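Colleague: I have a structure I would like to understand better, so I am pasting it below and will then ask my questions one at a time.
2 protein chains.
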Amino acid sequence: MSPDASTTAADRAYDELVTGQQDQPGRARGPYRKSSERRRQIIASAISLFATRGVDGSSLRTLGEAIGVSHSALRHYFASRDELLVEVYRAHEHTISDGGAQPPLGPVSTMIAGARRNRSIPGLVRLYATLTTDALQEQHPATRTYVRERFRSLRAQLEGQIREAQRQGTVAEEIDAADAAALVIAASDGLQIQWLLDPEEVDVGSALSLLARILPEQGA
Amino acid sequence: MSPDASTTAADRAYDELVTGQQDQPGRARGPYRKSSERRRQIIASAISLFATRGVDGSSLRTLGEAIGVSHSALRHYFASRDELLVEVYRAHEHTISDGGAQPPLGPVSTMIAGARRNRSIPGLVRLYATLTTDALQEQHPATRTYVRERFRSLRAQLEGQIREAQRQGTVAEEIDAADAAALVIAASDGLQIQWLLDPEEVDVGSALSLLARILPEQGA
DNA sequence: GTCTATACAGGGATAGAC
DNA sequence: GTCTATCCCTGTATAGAC
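Line order of the protein sequences matches chains U and W. Going by my numbering, the first sequence opens with residue 1, and the numbers climb by one from there. Going by my numbering, the second sequence opens with residue 1001, and the numbers climb by one from there.
Next comes the structure, spelled out in structure tokens:
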């Protein structure tokens, strides 16, 4: 799982995808979006139900029953179960990024900090991993769009940080910033999967810190 | 996806898991395993069906129909659909490792070579990614065991190569070989997922080669 | 716009024929 | 040991009530 970057590009792309309309100024207020209130209620109920029964054990019918509606009603607000899961993940993500200002760390430190936070919420890490591979299947075009845009915006963000470090002479110039950005994200995601499968054998932070040999940071 | 290592440890662990008995000498021959012949037939049919309809579009009922049996019959040989998918993946894997002797490359070159081969078989890469996240869910204990053992044996293999390189002075001694092994695998897996989602934007080989700055190889 | 009813195909589980 | 029949619970799709 990746850190709590403000994935604005992915947010916008996804909102447009879901609502079918761009968030243009001019109709920015008003009831242009269908019952985002009800959506929030459902998401909140889903989160609390996932917390007790787990994501796997929570079907749309179970969730609908808990709320008092049929499972079809849920699909009126979320085109698919995956879409609901994406929203649950985004809700958690925003909770994190709302929790205080982020110190301007380097790329590697940022990912290590994110991974450390994730150690206390393995369920969310699993959820993120599930969404990522769901995005690979052709059956989930919406999930695919969201995840791809999320990766793109994360990569762009890290790439910018790396280029800045290169300007300051901290990182070698020969390194391709785009490659390095993709590498750091991939390492973080992949290590957390190995950690979920084998917590005793894999130390995400320790392994990630090896990347500081490629991307040195002043703090390190 | 990881390279075509001879994952003997994972193989053994999985065989024991599936058959419920260890492959001890003394009853190594004989018909101790139920109809491995029929299993092979089913796997072969599954592969050819996946090749045409795709994995997603191939249900157990469809596959059973193609063979001429009910879907329940398939579950007599495979405890779950995932188990069948694991076998399909293993079949492909063995095909690769049978295809000629592997030159003794370093860890990074090995992963790059594997990733390059995978570019021509994105379906298999997707399958591998799916199995990996399925392994994270509690519902798939058999998949979990197989994937975990596979990671363990891959890590052990790379760790050995890295330690050897440290003995030869190619790799810095301060580097933890276990961390480095997990890192290389994670980077390879994670990059291939990003590549599947965004082939134009992500270059797996190029990004992976950055790791040679941590783990230098004579050939590089 | 909000929601129910209903049908369908999927994986999984069980009972039982042979 | 091999396999069919059948049932359950999913997510998904559609029709239609209000």
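Glycine residues also receive a C-beta, built at the ideal position from the N, C-alpha and C atoms. Just so you know, these numbers come straight off a predicted model, no measurement behind them.
To the nearest angstrom, report how far apart L215/U and A172/U are at their CA atoms.
Modeller: Position 215 of the first sequence, counting from 1, holds the residue named residue 215/U. Position 172 of the first sequence, counting from 1, holds the residue named residue 172/U. Straight through space, the alpha carbons of A172/U and L215/U are spaced by roughly 8 Å.
Colleague: How about V1108/W and L1211/W: are their beta carbons less than 7 Å apart?
Modeller: For this step, residue 1108/W is matched to residue 108 along the second sequence. For this step, residue 1211/W is matched to residue 211 along the second sequence. Cβ distance < 7 Å, so V1108/W and L1211/W count as in contact.
Colleague: According to DSSP, simplified to helix, strand and coil, what is E1200/W?
Modeller: Reading the second sequence from its first residue, position 200 is the one you call residue 1200/W. The answer is coil: DSSP assigns E1200/W none of H, G, I, E or B.
Colleague: Hey, how far is the Cα of E1087/W from the Cα of E1149/W?
Modeller: Along the second sequence, read from residue 1 onward, the residue named residue 1087/W stands at position 87. Along the second sequence, read from residue 1 onward, the residue named residue 1149/W stands at position 149. Going by the C-alpha atoms only, they are around 15 Å apart.
Colleague: Give the range of the alpha helix (DSSP H) segment to which R170/U is assigned.
Modeller: Walking along the first sequence from the start, residue 170/U turns up at place 170. Checking the sequence shown, residue 170/U turns out to be Thr, not Arg. Looking at the DSSP string, T170/U is not in any alpha helix (DSSP H), and its letter there is neither H nor E.
Colleague: Taking buried to mean at least 16 other C-beta atoms within 10 Å of its own C-beta, is Q1140/W buried or exposed?
Modeller: In the second sequence, counting from the first residue as 1, residue 1140/W sits at position 140. The question names Gln, yet the displayed sequence has His at residue 1140/W. So H1140/W counts as buried.
Colleague: Suppose you measure from the CA of S1072/W to the CA of S1048/W; what does that come to, to the nearest Å?
Modeller: Reading the second sequence from its first residue, position 72 is the one you call residue 1072/W. Reading the second sequence from its first residue, position 48 is the one you call residue 1048/W. CA-to-CA, the gap between S1072/W and S1048/W works out to about 20 Å.
Colleague: For D189/U, which of L158/U, A115/U, L84/U, G106/U has the nearest alpha-carbon?
Modeller: Position 189 of the first sequence, counted from the start, is the residue given in the question as residue 189/U. D189/U has its Cα closest to that of A115/U, out of L158/U, A115/U, L84/U, G106/U.
Colleague: Would you call the region 1074-1089 of chain W and the region 1053-1063 of chain W in contact, with 3 or more CB pairs under 8 Å?
Modeller: yes
Colleague: Mind pulling the chain U residues with CB within less than 9 Å of R1213/W?
Modeller: In the second sequence, residue 1213/W corresponds to position 213, counting from 1. Per Cβ cutoff of 9 Å: A172, I175, R213, I214.
Colleague: Which residues of the region 108-134 of chain U have a Cβ closer than 7 Å to any Cβ of chain W? Give them in chain order.
Modeller: R126, A129, T130, T132, T133
Colleague: Quick test of your reading: L197/U and I112/U, contact by CB under 8 Å. State the CB separation rounded to the nearest angstrom.
Modeller: On the first sequence, position 197 is the one that residue 197/U refers to. On the first sequence, position 112 is the one that residue 112/U refers to. Actually they do not touch by this definition, with Cβ atoms about 20 Å apart.
Colleague: For E1138/W, which residues in chain U fall below 7 Å Cβ to Cβ?
Modeller: Within the second sequence, residue 1138/W is the residue found at index 138, counting from 1. Neighbours of E1138/W across chain U, judged by C-beta separation under 7 Å: D56.
Colleague: Closer than 9 Å, Cβ to any Cβ of chain W: which residues of the region 194-209 of chain U, in chain order?
Modeller: Q194, W195, L196, L197, D198, E201, V202, D203, V204, S206, A207, L208, S209
Colleague: What did DSSP end up calling G100/U once you bin it into helix, strand or coil?
Modeller: Residue mapping note: residue 100/U aligns to position 100 of the first sequence, counting from 1. The answer is coil: DSSP assigns G100/U none of H, G, I, E or B.
Colleague: Within its chain, find whatever has a CB closer than 6 Å to the CB of D179/U; leave out the 5 residues flanking it on each side and keep chain order.
Modeller: Here residue 179/U refers to the residue found at position 179 when the first sequence is read from its first residue. Hits under 6 Å: none found.
Colleague: Just to make sure I have the definition right: I need the residues of chain W whose C-beta is within less than 7 Å of the C-beta of D179/U. Which are they?
Modeller: The residue you call residue 179/U lines up with position 179 of the first sequence. Those are D1203, S1206, A1207, L1210, listed as they occur along chain W.
Colleague: Helix or strand or just coil, what does DSSP make of P1122/W?
Modeller: Within the second sequence, numbered from 1, the residue matching residue 1122/W stands at position 122. Helix at P1122/W.
Colleague: Just to confirm before moving on: does the CB-CB distance between L191/U and A1079/W stay below 7 Å?
Modeller: What you label residue 191/U is simply residue 191 of the first sequence in a count that begins at 1. What you label residue 1079/W is simply residue 79 of the second sequence in a count that begins at 1. Result no, Cβ atoms of L191/U and A1079/W do not sit closer than 7 Å.
Colleague: So, for A1066/W: in the same chain, excluding its five sequence neighbours on each side, which residues have a beta-carbon less than 7 Å away from its beta-carbon?
Modeller: Within the second sequence, residue 1066/W is the residue found at index 66, counting from 1. So the qualifying residues of the chain are S1045, L1049.
Colleague: With 16 as the cutoff for other CB atoms within 10 Å, does E159/U come out buried or exposed?
Modeller: Along the first sequence, read from residue 1 onward, the residue named residue 159/U stands at position 159. Buried.
Colleague: How far does the alpha helix (DSSP H) with L78/U in it extend, from its first residue to its last?
Modeller: To locate residue 78/U, count along the first sequence from 1; it is residue 78. As written in the sequence, residue 78/U is Phe, which differs from the Leu given in the question. Where F78/U is concerned, there is no enclosing alpha helix (DSSP H), given that its DSSP letter is neither H nor E.
Colleague: At what residues does the alpha helix (DSSP H) containing R257/U begin and finish?
Modeller: Outside the displayed range of chain U (1 to 220) lies residue 257/U, so it cannot be described from this structure.
Colleague: With H, G and I counted as helix, E and B as strand and the rest as coil, what does DSSP make of H981/W?
Modeller: Residue 981/W is absent from the structure shown; chain W starts at 1001 and stops at 1220.
Colleague: Run the CB neighbour count on E1164/W, radius 10 Å, all protein chains shown included, and call it buried at 16 or more, exposed below.
Modeller: Walking along the second sequence from the start, residue 1164/W turns up at place 164. That one is exposed.
Colleague: Apart from the five residues on each side of it in sequence, which residues of its chain come closer than 7 Å, Cβ to Cβ, to Q1137/W?
Modeller: For the purposes of this step, residue 1137/W is taken as the residue at position 137 of the second sequence. None.
Colleague: Just verifying my parser: in three-state terms, what is the DSSP assignment at Q218/U?
Modeller: For the purposes of this step, residue 218/U is identified with residue 218 of the first sequence, where counting begins at 1. Coil at Q218/U, not helix or strand.
Colleague: Which residue marks the beginning of the alpha helix (DSSP H) containing A1057/W, and which one marks its end?
Modeller: Here residue 1057/W is taken as the residue at index 57 of the second sequence, counted from 1. A small fix is needed here, since residue 1057/W is Gly in this sequence, not Ala. Element bounds for G1057/W: n/a, residue is neither H nor E.
Colleague: Counting only the same chain and skipping the five closest in sequence on each side, list residues whose C-beta sits under 6 Å from that of T170/U.
Modeller: Mapped onto the first sequence, residue 170/U falls at position 170. Taken in chain order, the residues that qualify are P216.
Colleague: Mind listing the chain U neighbours of D1189/W? Cutoff is C-beta to C-beta under 7 Å, in chain order.
Modeller: In the second sequence, residue 1189/W corresponds to position 189, counting from 1. Those are G190, listed as they occur along chain U.
Colleague: So, Y1014/W versus R1039/W, is the Cβ gap smaller than 7 Å?
Modeller: For the purposes of this step, residue 1014/W is taken as residue 14 along the second sequence, with counting starting at 1. For the purposes of this step, residue 1039/W is taken as residue 39 along the second sequence, with counting starting at 1. Not in contact: Y1014/W and R1039/W (Cβ atoms no closer than 7 Å).
Colleague: Could you give the distance in angstroms between the alpha-carbon of D1011/W and the alpha-carbon of Q168/U?
Modeller: As a position in the second sequence, residue 1011/W is number 11, starting the count at 1. As a position in the first sequence, residue 168/U is number 168, starting the count at 1. Spanning the alpha carbons of D1011/W and Q168/U requires a straight line of approximately 49 Å.
Colleague: Residues of chain U with a CB under 8 Å from the CB of I1185/W: which are they?
Modeller: Taking the second sequence and counting its residues from 1, the one referred to as residue 1185/W is at position 185. Here the neighbours are G190, Q194.
Colleague: Leaving aside the five residues before and after Q1166/W along the sequence, list all residues of the same chain whose C-beta is less than 6 Å from its C-beta, in chain order.
Modeller: Locating residue 1166/W in the second sequence gives position 166, where the first residue counts as 1. Contacts found: E1173.
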